[in-house]
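Student: Under the working numbering, the first residue of the sequence shown is numbered 95, with each subsequent residue one higher.
Ideal Cβ positions, reconstructed from N, Cα and C, are used throughout, including at glycine.
Since this is a predicted model, take the numbers as computed values, not measurements.
I have a structure here, written as structure tokens, and I will follow up with some questions on it.
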Amino acid sequence: MSAIEGHRVAVYYQTQYDNSLPSNSAFGHYVSPLPLLGLITHLFLAAFHINTDKSVHLNDNLPEAPFFTQMWQDLGQMQDQGVKLLPLTTDNFDTYYPILANYITEFNLDGMDLDVEQSTSLSVITNLITRLKSDFGADFIITLAPVATAMTEGSNLSGFDYITLEQQMGSQISWYNAQFYSGFGTLFPDTQYIDIINFGSGLDPNRLVASVLTSPANGDGYVSPDEVVSSVQDLLRATASTLEGSTGGHFCYTDYFNSNPNSTEPWLWAQMMSDAMASLKEAKANVKAADREPHDRSHVTQTVTRDRGKFYTVVPTTGRIN
């Protein structure tokens, strides 16, 4: 059983070559995503740009360029082992939809992450979602990446109201990758996440993925992996009635290549999150098993302890605790 079964752990993979490290390929130091196997469920490939001349670039190169040959091979291997691959698309996805659709087919993409950071009408987004589902089927994954404040009708870069979008199209949207950084939110403490799932008529925490930075070099609003673990596990406990594998167990991070706690081993961030969720899930299973025992356990209580600010465990304690 995977350590992340029942949870989503996703990564944005935008920097394929890290030129701060010694070259290991013809194009520089290639940062392979393969160490993430067994640690993540979804990989967001950033970022696809459809240009006004109808060309498509993945960052600064054509997606089919030799620059990406090794990457596509690695991503195909990850897909074969169950990781879902979604491109992040930021612009012109409505105007040049046929071009976008061709790339979805050519590269066997499992879905689309819409990062709308310019004023866009609601009708453009609803039409795009409807078209994607019609062309690629019910299993095609559609996510959006609003800033976290937009999910409570606060600051918003997209130009349309996400609460209205959810009311109209929620059944077609797999989840939201809310950006908890850059002045639009924070995951530590976890109060903003709770505010979002309780806002208005409420949002199922299974459909709110918390997106955080992995390094202070990637932008403002960085919180450490230890702090993310703390909030994730607080949220898992707080929403235990909606599990298996809900709320704080759903999150993603940007950008993979320089992730803390050790940028030369960037998969360790995902390892920390997977281990943290697995430990809490195991503890929860133990509590359930204890609850099924026929003898009286009124003398046993559960207390939560923290190991040096990192991982939480649930420990059976005899006697009463005030």
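Per DSSP, M367 is paired with what?
Tutor: None, per the DSSP bridge assignment.
Student: Would you kindly check if the distance between the Cβ of V306 and the Cβ of Y347 is under 8 Å?
Tutor: yes
Student: Are three or more beta carbon pairs between the region 239 to 252 and the region 285 to 298 nearer than 8 Å?
Tutor: yes
Student: Rounded C-beta distance between T184 and A141? I'm assuming under 8 Å.
Tutor: 6 Å
Student: Start and end of the beta strand (DSSP E) containing V50?
Tutor: Because the chain in this structure spans residues 95 to 416, residue 50 falls outside the shown range and cannot be described.
Student: Are the beta-carbon atoms belonging to F138 and L180 less than 8 Å from one another?
Tutor: yes
Student: Going by CA-CA distance only, name the one from F282, Q266, D168 and Q175 that's closest to T135.
Tutor: Q175
Student: One question on the structure: do V323 and M263 come within less than 8 Å of each other, judged by their Cβ atoms?
Tutor: no
Student: Who does H136 pair with in a DSSP beta bridge?
Tutor: Paired residues: A104 and K178.
Student: Which word fits L156, buried or exposed, when buried means at least 16 other C-beta atoms lie within 10 angstroms of its C-beta?
Tutor: exposed
Student: Measure the C-alpha to C-alpha separation of F161 and D112 and round it to an integer number of angstroms.
Tutor: Note on geometry: alpha-carbon atoms of F161 and D112 lie some 13 Å from one another.
Student: Between the C-alpha atoms of T237 and S119, what's the straight-line distance to the nearest angstrom?
Tutor: Straight-line spacing of the CA atoms in T237 and S119 works out to 33 Å.
Student: Which residues mark the beginning and the end of the beta strand (DSSP E) in which I235 is found?
Tutor: For I235, the uninterrupted beta strand (DSSP E) segment begins and ends at I235 to L238.
Student: In chain order, what residues of the same chain lie with their CB nearer than 6 Å to the CB of R391, ignoring the 5 residues before and after it?
Tutor: With a pLDDT of only 35 at R391, under the threshold of 50, the placement of this residue in the model should not be trusted, and no figure is reported.
Student: In the DSSP assignment, find the unbroken beta strand (DSSP E) run with N271 in it and report its ends.
Tutor: W269 to Q273
Student: Could you tell me the boundaries of the alpha helix (DSSP H) in which A244 lies?
Tutor: A244 -> no alpha helix (DSSP H), and no H or E assigned at all.
Student: Is the separation between the beta-carbon of A364 and that of V125 shorter than 8 Å?
Tutor: V125 sits away from A364, with the two beta carbons spaced by 8 Å or more.
Student: On the three-state DSSP scale, how would you describe D289?
Tutor: Residue state, collapsed to three classes: helix.
Student: Work out the CA separation of L169 and Y107 for me, nearest whole Å.
Tutor: Spanning the two alpha carbons is a distance of roughly 11 Å.
Student: Determine the closest residue to S353 out of T109, R102 and W269, with distance taken between C-alpha atoms.
Tutor: Among T109, R102 and W269, the Cα nearest to that of S353 belongs to T109.
Student: Output yes or no for whether 8 Å exceeds the beta carbon distance between F254 and T214.
Tutor: yes
Student: Per DSSP, what kind of secondary structure is F254 in: helix, strand or coil?
Tutor: coil
Student: Measure the C-alpha to C-alpha separation of I193 and I219 and round it to an integer number of angstroms.
Tutor: 17 Å
Student: Between the C-alpha atoms of S373 and V103, what's the straight-line distance to the nearest angstrom?
Tutor: 15 Å
Student: Buried or exposed for L302, going by 16 or more other Cβ atoms inside 10 Å?
Tutor: buried
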